[in-house]
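What follows is one structure encoded as structure tokens, with my remarks underneath.
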Amino acid sequence: RQVRELIKNLGKQHTILLSTHILPEVEMTCSRVIIIHKGRIEACDTPENLLGQIRQAGGVVVEAKTGKDDGAEELKKISGVREVMTEHDEGWQIFSLRVESGLDVREEIFRLAADRKWTLRELSQRRATLEDVFVEITHSDQAEIPI
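Take any residue in the sequence shown, note its place counting from 1, add 19, and you have its number in my numbering.
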């Protein structure tokens, strides 16, 4: 914590170049981010602007018992849901949903769960991180976020 504060304070009057792969630290410390991929600068902006520009800016986690329903298929029908990944944990299905930027689909998921009589244990929104930005930029053939 002290190092973070030192970097922030020095950064008010100086330019500090911090090279790291620990992106949560970057989010807490840096006012600007440069993402370099294969020797090229692919993105350069504030963390907030980078987070706002990615296609899938977050998601939703749903833990449910769906009975005989194919929960993933039902969730994919919700407008704005781009991808549904499923894990299993002691009788519970854990769905990780990727959704379009800016959409909050939790009410629709809750209505679906109530209509289908699913038992819900968790329904939470996950905000995008710089790691999401990094993955999106470095896994595409061309950067989609302007410099």
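Where is the CB? At the ideal position from N, CA and C, for every residue including glycine.
Suppose you measure from the CA of V79 to the CA of Q112; what does that come to, to the nearest Å? The residue given as residue 79 occupies position 60 in the sequence shown. The residue given as residue 112 occupies position 93 in the sequence shown. Rounded to the nearest angstrom, the two C-alpha atoms are 14 Å apart.
Let me know if E155 comes out buried or exposed under the rule of 16 or more other beta-carbons within 10 Å of its beta-carbon. By 1-based counting over the sequence shown, the position of residue 155 is 136. Counting Cβ neighbours within 10 Å, E155 comes out buried, since at least 16 surround it.
So L122 and L94 are in contact, right, with Cβ under 8 Å, and what is the actual spacing, rounded? One-based indexing of the sequence shown puts residue 122 at position 103. One-based indexing of the sequence shown puts residue 94 at position 75. Between L94 and L122 the Cβ distance is about 13 Å, and since that is not below 8 Å, they are no contact.
Please report how far the alpha carbon of E106 lies from the alpha carbon of T48, in whole angstroms. Taking the sequence shown and counting its residues from 1, the one referred to as residue 106 is at position 87. Taking the sequence shown and counting its residues from 1, the one referred to as residue 48 is at position 29. When rounded, the distance between both Cα atoms is 33 Å.
In whole angstroms, what is the alpha-carbon distance linking I41 and H56? Here residue 41 corresponds to residue number 22 of the sequence shown, with the count starting at 1. Here residue 56 corresponds to residue number 37 of the sequence shown, with the count starting at 1. Between I41 and H56, the C-alpha separation is close to 16 Å.
State the start and end residues of the unbroken beta strand (DSSP E) segment that holds S112. Along the sequence shown, read from residue 1 onward, the residue named residue 112 stands at position 93. Inspection of the sequence shows that residue 112 is occupied by Gln rather than by Ser. Q112 -> beta strand (DSSP E) spans 111 to 118.
Which residue marks the beginning of the alpha helix (DSSP H) containing L42, and which one marks its end? For the purposes of this step, residue 42 is taken as the residue at position 23 of the sequence shown. Taken as a continuous stretch (DSSP letters only), the alpha helix (DSSP H) holding L42 covers 42 to 48.
In chain order, what residues of the same chain have a beta carbon less than 7 Å from the beta carbon of N103, not counting five sequence neighbours either side? Locating residue 103 in the sequence shown gives position 84, counting from the first residue. According to the sequence as given, residue 103 is Val; it is not Asn. Counting only Cβ-Cβ distances below 7 Å, and skipping sequence neighbours, we find A91, L94, K95, F114, L116.
Cα-Cα separation between S143 and D151, rounded to whole angstroms: Here the question's residue 143 lines up with position 124 in the sequence shown. Here the question's residue 151 lines up with position 132 in the sequence shown. Distance between the alpha carbons of S143 and D151: 18 Å.
In the DSSP assignment, the alpha helix (DSSP H) including L37 goes from what residue to what residue? Looking up residue 37 in the sequence shown gives position 18. Per DSSP, L37 belongs to no alpha helix (DSSP H) and is neither H nor E.
Per DSSP, I54 is paired with what? In the sequence shown, counting from the first residue as 1, residue 54 sits at position 35. A62, per the DSSP bridge assignment.
Quick check: what's the CA-CA separation for E163 versus V52? Residue mapping note: residue 163 aligns to position 144 of the sequence shown, counting from 1. Residue mapping note: residue 52 aligns to position 33 of the sequence shown, counting from 1. Reliability fails at E163, whose pLDDT of 49 lies under 50, so the model's placement of it is uncertain and the value that follows must be treated cautiously. For E163 and V52, the distance between alpha carbons rounds to 16 Å.
Considering Cα atoms alone, identify which of D64, I128, R135 is closest to S50. The residue you call residue 50 lines up with position 31 of the sequence shown. It is D64.
Tell me which residue opens and which closes the beta strand (DSSP E) that T85 is part of. To locate residue 85, count along the sequence shown from 1; it is residue 66. Element bounds for T85: n/a, residue is neither H nor E.
Based on the DSSP output, what are the partners of E106 in its beta bridges? In the sequence shown, the residue the question calls residue 106 occupies position 87. Partner(s): I113.
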